[in-house]
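Student: For reference, each letter of the sequence shown is one residue, going 913 to 1053 in this note's numbering.
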Amino acid sequence: MKESAGKELLRVSNNKNAYKELLKGLIVQSLLRLKEPVVLLRCREVDRRLVESILEAARQQYAEKAKVQAAKVTIDNVYLPPPPKSADSHEPYCSGGVVLASQDGKIVCDNTLDARLDVAFKQKLPEIRKRLFGQLSSSLI
């Protein structure tokens, strides 16, 4: 179940227009969570140009929403892992998104698609268990 959702994430990051808007939203959301004047942004190397093209708009949107000066955002030269090379790849990978950190690195907001999937999956785990095992126990009777 989680694996098929992960494959869907890759489709999202391959749709350039939708992914561009999603990335901008993830950056704004991360800035709102951090509320720091200076931050470091880490993305996949394949996303760097896209991030550069939307960064100023994301900074301005953050400033308007938070009613503060736009944060200074530096794009890190260390990148998140690349997209998976194959479906059964055991190498580290990232489906997309960003990680933002305070200047000192003490506050980190992992807003990658993979991290968001993990959070959503963990939040829905009780419901998933109930559906899987609830149906299983009723079918055994």
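Glycine included, C-beta positions come from ideal geometry on N, C-alpha and C. All figures in this text were calculated on a predicted structure; none of them were measured in a lab.
1. Looking at the unbroken alpha helix (DSSP H) that takes in VAL940, where does it start and where does it end?
2. Is the distance from the Cβ of VAL951 to the Cβ of VAL985 below 8 Å?
3. Which residue wins for smallest C-alpha separation from GLY937, given the options PRO993, LYS977, ARG961?
4. Excluding the 5 residues flanking LYS997 on each side, which residues of the same chain have their C-beta closer than 6 Å to its C-beta?
5. Near VAL940, which residues of its chain fall below 6 Å by C-beta distance, leaving aside the five closest residues on each side in sequence?
6. Tell me which same chain residues have a C-beta within less than 8 Å of the C-beta of ARG1028, skipping the five on either side of it?
7. Of all the options LEU943, ASP1026, LEU992, which has the alpha carbon lying nearest to the alpha carbon of ASP959?
8. According to DSSP, simplified to helix, strand and coil, what is ASP988?
9. Tell me which residues share the same chain as GLU964 and place their Cβ nearer than 8 Å to its Cβ, disregarding the 5 neighbours each side in the sequence.
10. Which residue wins for smallest C-alpha separation from PRO1004, given the options LEU1012, LYS947, PRO994?
11. Return the residue from the list ALA1032, ASN1023, ASP1030 that minimises the CA-CA distance to SER942.
12. Note the first and the last residue of the continuous beta strand (DSSP E) segment covering ALA1013.
Tutor: Looking at the atomic coordinates:
1. Start and end: 928-946.
2. Yes, the pair counts as a contact, with Cβ atoms nearer than the cut-off.
3. Comparing Cα positions, the closest option is LYS977.
4. Nothing listed; no residue qualifies.
5. Excluding sequence positions up to five before and after VAL940, its CB lies within less than 6 Å of the CB of ALA970, GLN973, TYR974, all in the same chain and listed in chain order.
6. Sequence-distant partners of ARG1028 (beyond 5 residues in either direction) whose C-beta falls short of 8 Å from its own C-beta, in its chain, are GLY1009.
7. Just measuring C-alpha positions, the residue of LEU943, ASP1026, LEU992 sitting nearest ASP959 is LEU992.
8. In this structure, ASP988 counts as coil in the three-state DSSP scheme.
9. Excluding positions up to five away in sequence, the list reads ILE987.
10. It is PRO994 whose Cα lies nearest to the Cα of PRO1004.
11. Selected option, being the one with the closest Cα: ASN1023.
12. Note, ALA1013: beta strand (DSSP E), 1009-1014.
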